[in-house]
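For reference, the structure is listed below as structure tokens.
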Amino acid sequence: MFKKILIANRGEIALRVIRTAREMGIKTVAVYSTADRDSLHVKFADEAVCIGGPKSADSYLNVPHIMAAAEITNADAIHPGYGFLAENAKFSGICNDHGIKFIGPTPEMINAMGDKITAKETMIKAGVPVVPGGEGLLQSFDHALGLAREIGYPIMMKATAGGGGKGMRLVWEESELEKAYNSAKTEAAAAFKNDGLYMEKFVEEPRHIEIQVAGDQYGTVCHLGERDCSIQRRHQKLVEESPSPFMTEELRYRMGEAAKKAAGAINYESVGTIEFLVDKHRNFYFMEMNTRIQVEHCVTEEVINYDLIKEQILIAAGQKISGKDYAPQMHAIECRINAEDPYNDFRPSPGKITVLHQPGGHGVRVDSHVYAGYVIPPYYDSMIGKLITVAQTRQEAIDTMYRALSEYVIEGVKTTIPFHLQLMKDERFISGDFNTKFLESFVLK
Ligand code: MV4
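Just so you know, the sequence shown maps onto residues 0 to 444 in numbering that gives the first Met the number 0.
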């Protein structure tokens, strides 16, 4: 087992990894930017190394500084958390070249899923359902025009280097195609230095349901059930839950088998997530694979009663996994608490937390790195915590969530708490009848 893990991240996920490492008897090293001197992950780790200035490029994305921190502290593994370097194939390779185990997949696995056209081709070969569309890159506007006629409108164009919605265009009719093609290409080139596009049939009003998977170094893969992430705003998830209110035992079986095929096709090693679009007829289509631990991993932890960070560390250390699949035994919901103003277009609201009271009690989990007096720096993600509730039924988890949100006191900055309070009383949310378009028509009172 590893003796010392360096955590190449900040905020709640750095704290989350420190907690599990401590339970496993593994020492921890925090790295931090000058903007994060007073952060909890710095205080809670066994050692801490300052790696640069406030800008991510100078610190949490600064590979030479992170590697130097690992070397001077004698860390034998690096946990990347999510975001920052978590899906950076070069970084995964550099760690392993330096004899420091990257707690996550190999560069080959990251690359296989990083390019969306390659990923889609791999999925087709593996027998995983994908959204109908053209195979490969769009070679020219004329190619796009012909393909769109074949597929039939509405269509979507996506960036092969994309993910999460950047460089994506929905096109309802032929007259809109040229403008969409050119602007998607320009956006993709600027965002990813890769202007490659591909085309798919547009799946209307889909749900976003993802399957948690785990694979080990010996070829075993299993799935750990689903999360419903349909409550999103401009591709930012706000609420996640497990099980999905749309799930049936039959659909879970089919999606679970497909997710295992997807992970198996790239010999995936570590924990990961297969994202699917699910239409109203319960047809599902591979969207992308996240080759990292995700923000919303906690809802799965609560419903299968399993520590996914521990699983990730054990797999990286070479342990075999059982290969048994898991289905949710409870119902869990996660609300993302962001320092944002939900009454003003979710604009970031950094600054000092003057008063803080975090909820507790039966069925309540808070994963957060903030404290009273903490100053939220403006340089990073605005998420300041995750509130997770777990209960026997969905309605009880919602009731516990409403109660916990009502107890939550954060003064000094605006937060998403009022949004979540209204959502937990929303009839459509309560009925479970929602899709990825739901928040477009949600009005905060
Ligand atoms: C789609 C789609 C409909 N049809 N692809 C959004 C982010 C990126 N990962 C893919 N996305 C979508 N791809 C086809 N062919 C609808 C979306 C989409 C979406 C997906 C999941 C969650 C929220 C979403 C919000 C808008 C659009």
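Glycine included, each C-beta is placed from N, C-alpha and C at the ideal position.
Please read these numbers as outputs of a predicted model, since none were measured by experiment.
Check: Give the range of the alpha helix (DSSP H) segment to which Phe428 is assigned.; Outcome: 426 to 430
Check: Measuring CB atoms only, is the region 218 to 228 touching the region 297 to 306, in the sense that at least three cross pairs come out at less than 8 Å?; Outcome: yes
Check: Is the beta carbon of His280 within less than 6 Å of some heavy atom of the ligand MV4?; Outcome: no
Check: Looking at the strands, I want to know which residues DSSP matches up with Asn337.; Outcome: Met382
Check: Report whether the distance from the Cβ of Thr435 to the nearest heavy atom of the ligand MV4 is below 6 Å.; Outcome: yes
Check: Taking only heavy atoms of the ligand MV4 into account, decide whether any of them is closer than 6 Å to the Cβ of Val465.; Outcome: Outside the displayed range of the chain (0 to 444) lies residue 465, so it cannot be described from this structure.
Check: Would Ser321 be called buried (16 or more neighbouring beta carbons within 10 Å of its own) or exposed?; Outcome: exposed
Check: Which first and last residues belong to the beta strand (DSSP E) in which Phe441 is found?; Outcome: Element bounds for Phe441: n/a, residue is neither H nor E.
Check: Please report the distance separating the alpha-carbon of Ile77 from that of Leu176.; Outcome: 45 Å
Check: Under the DSSP definition of a beta bridge, which residues are partnered with Lys2?; Outcome: Note: Lys2 sits in no beta bridge, so no partner.
Check: Ends of the beta strand (DSSP E) at Asp37?; Outcome: Element bounds for Asp37: n/a, residue is neither H nor E.
Check: Between the alpha carbons of Val277 and Phe437, how many angstroms are there, rounded?; Outcome: 15 Å
Check: Taking DSSP as the reference, what is the three-state secondary structure of Gly200?; Outcome: This sequence places Lys at residue 200; Gly is not what is there. In this structure, Lys200 counts as strand in the three-state DSSP scheme.
Check: In chain order, what residues of the same chain lie with their CB nearer than 6 Å to the CB of Arg427, ignoring the 5 residues before and after it?; Outcome: Phe433
Check: Using alpha carbons as the reference points, say which of Ala111, Glu249, Pro349, Lys279 lies closest to Ala34.; Outcome: Pro349
Check: Taking the beta carbon of Ser229 as the centre, do at least 16 other beta carbons fall within 10 Å, making it buried, or is it exposed?; Outcome: buried
Check: According to DSSP, is Ala160 part of a helix, a strand, or is it coil?; Outcome: coil
Check: Only counting runs of 3 or more residues, tell me where the beta strand (DSSP E) segments fall wholly within the region 246 to 278, in order along the chain.; Outcome: 269 to 277
Check: When DSSP builds the beta bridges, which residues end up paired with Ile208?; Outcome: Asp227, Phe275
Check: Leaving out the 5 sequence neighbours to the left and right, which residues in its chain are closer than 7 Å to Thr121 when beta-carbon positions are compared?; Outcome: Ala111, Ala264, Ile265
Check: Just confirm the distance between the C-beta atoms of Pro327 and Ser241, as a whole number of angstroms; I'd bet it's less than 8 Å.; Outcome: 5 Å
Check: Report the residue from Ile210, Lys236, Val298 whose alpha carbon sits nearest the alpha carbon of Phe275.; Outcome: Ile210
Check: Output the boundary residues of the alpha helix (DSSP H) element that contains Met329.; Outcome: Premise fails: Met329 is in no alpha helix (DSSP H) and is neither H nor E.
Check: Short check: CB of Asp114 to CB of Thr159, under 7 Å?; Outcome: yes
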